[in-house]
Amino acid sequence: MRGNTLYIVVPCYNEEEVLPETARRLGDKLKSLMNAGKISPRSRVLFVNDGSKDGTWAVISRLHGENSLLCGLDLSRNRGHQNALLAGLMTAKDKADMVISMDADLQDDVDAADAMVDKYLAGADIVYGVRSSRKTDTFFKRTTAEAFYRMMDLLGAETVFNHADYRLMSRRALEGLAQFKEVNLFLRGIVPMIGYATDTVEYERGERFAGESKYPLKKMLAFALEGITSLSVKPLRMITGLGFLVFFASIVMIVYNVVRWATGNTVAGWASLACSVWFIGGLILLSLGVIGEYLGKLYLESKGRPRFLIREVLDGERDDD
Ligand code: UDP
Ligand code: MG
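In this text, residue positions in the sequence shown follow our numbering: the first is 238, and each later residue adds one.
Now the structure itself:
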């Protein structure tokens, strides 16, 4: 029989405006699940402060003082959403039987957690929160995000469509995740590789409760590039394919030119020559760029730097549960 201690892990970067409300809703959610007997009284919410520049950690400390269900983890500096989430998951793994990860901004429907817990109790190891529509997203966010998933798929990075980082993972799944040692971390692509029994829960994604998005277009593009190059070598293979194509094209061109020459029709083809020089040059640069991207990854992986360092933990090890 599996245990039923739940941890909800929430990465927070400059979220002081929204945290009190998030804490209230998540605290209430834990209490109602406890009252229903679905989760143990040792369950907690774990806020991970990802090196915020505002008073996020002060807010977390205050909340922890007021309500022992709310815990905190302070990272040594800003390491980005994925690493902050990982830090939370790896900390919660040793105390919890199941962990739900969600964003601090209340865009993910807190009430979907009930269904996730039910599916865990029914035997699932990973439950993906999948948004049923993007009605509340702006047109720009919706189209860019959907293009993101399509492009990822095309380039060989398998992800769950319309699933972000709202998911439940069992302790067993987290122990599996802990064995993925890569420094270039893209959780959305790695979690499906773990396997075990999986399930999905649909929910409506709302608007950010307060504060502003920490994922501007620039970060989103970097995130997509990170995802593709960490998960798939398809771009490298596409370069090889492209190389073959250009090679065959040049053979055809040579044959054509020889025939033209033999039939005595040589024309000074400056334009086509210049064009092809630029074309080939561009292709080579692009291909080198892609190779460089992977090489850079390799370089970073070979260093094996820590993915996060913890400054302070406020945990729920108190006598009142
Ligand atoms: N976040 C983080 N570190 C960062 C950037 C973001 O921990 O460097 C957190 C942020 O506090 C939020 C989550 O990641 O809880 C998702 O960010 P956001 O809601 O701004 O992204 P969006 O929903 O706009 O894609
Ligand atoms: Mg958000």
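From the three backbone atoms N, C-alpha and C, an ideal C-beta is built for every residue, glycine too.
Using a Cβ-Cβ cut-off of 9 angstroms, state whether residue i counts as contacting chain D.
i    : result
E383 : Absent here is chain D; the protein component of the structure consists of one chain.
Run through the DSSP bridge pairs and tell me what residue i is partnered with.
i    : result
P257 : According to DSSP, which records beta bridges pairwise, P257 is partnered with nothing at all.
F284 : V247 and G309
V406 : In the sequence as presented, Val is not what sits at residue 406; that position holds Met. Paired residues: V336 and I363.
R368 : Y440
I547 : L312
Out of the options, which one is the CA nearest neighbour of residue i?
i    : options                   : result
E419 : I517, R261, N241 and L323 : L323
P472 : Y536, A394, W498 and L535 : A394
R600 : D331, S305 and N286       : The displayed coordinates of the chain run from 238 to 558. Any statement about residue 600 would go beyond what the structure contains.
Y422 : A459, D334 and E439       : The question names Tyr, but residue 422 in the sequence shown is Leu. Nearest option by C-alpha distance: A459.
Y357 : K330, N241 and P257       : N241
T328 : G302, W294, S305 and F284 : F284
D331 : G426, R279 and Q319       : R279
I491 : T477, G478, G480 and L510 : L510
V527 : V550, A486, S469 and W498 : S469
V282 : L537, A359 and C308       : C308
G480 : G501, H318, G302 and G518 : G518
E538 : W498, F417 and D348       : F417
E254 : I297, G264 and Y452       : I297
D436 : A273, G360 and A295       : G360
V550 : L270, E258 and G325       : G325
I427 : E303, S513 and Q319       : Q319
R379 : G366, K540, V495 and F398 : F398
D348 : W515, I245 and V514       : I245
N304 : L525, G541, G478 and L267 : L267
A352 : K455, V438 and L392       : V438
D374 : D345, M389 and R474       : D345
L243 : R262, L270 and R261       : L270
F377 : M457, N494, V483 and I488 : M457
G274 : E258, E441, V354 and R261 : V354
L263 : M475, L306, A295 and G302 : L306
Y452 : T500, G529, T381 and A350 : T381
Y365 : M389, L392, L343 and T396 : T396
Please determine whether the Cβ atom of residue i lies at a distance below 8 angstroms from any heavy atom of the ligand SAH.
i    : result
L322 : With respect to small molecules bound, the structure shown includes the ligand UDP and the ligand MG and not the ligand SAH.
The region 535–555 / the region 301–321 touching (three or more Cβ pairs under 8 angstroms): yes
Heavy atoms of the ligand MG versus C-beta positions, residues under 7 angstroms: Cβ atoms closer than 7 angstroms to the ligand MG belong to D340, D342, Q344, R445 and S450.
Validate contact between the region 328–339 and the region 398–411 using beta carbons, cut 8 angstroms, 3 pairs: yes
Inter-stretch contact (C-beta, 8 angstroms, three-pair minimum) for the region 408–415 and the region 423–440: yes
Inter-stretch contact (C-beta, 8 angstroms, three-pair minimum) for the region 446–466 and the region 379–393: yes
The region 444–460 in contact with the region 358–370 per 3-pair CB rule at 8 angstroms: no
Any 3 or more C-beta pairs closer than 8 angstroms across the region 238–251 and the region 283–303: yes
Beta strand (DSSP E) runs contained entirely in the region 386–454, provided each spans 3 or more residues: Within the region 386–454, the complete beta strand (DSSP E) runs of at least 3 residues are 400–407 and 435–440.
Ranges of the alpha helix (DSSP H) found wholly within the region 489–532, counting only runs of at least 4: Here no run is fully enclosed.
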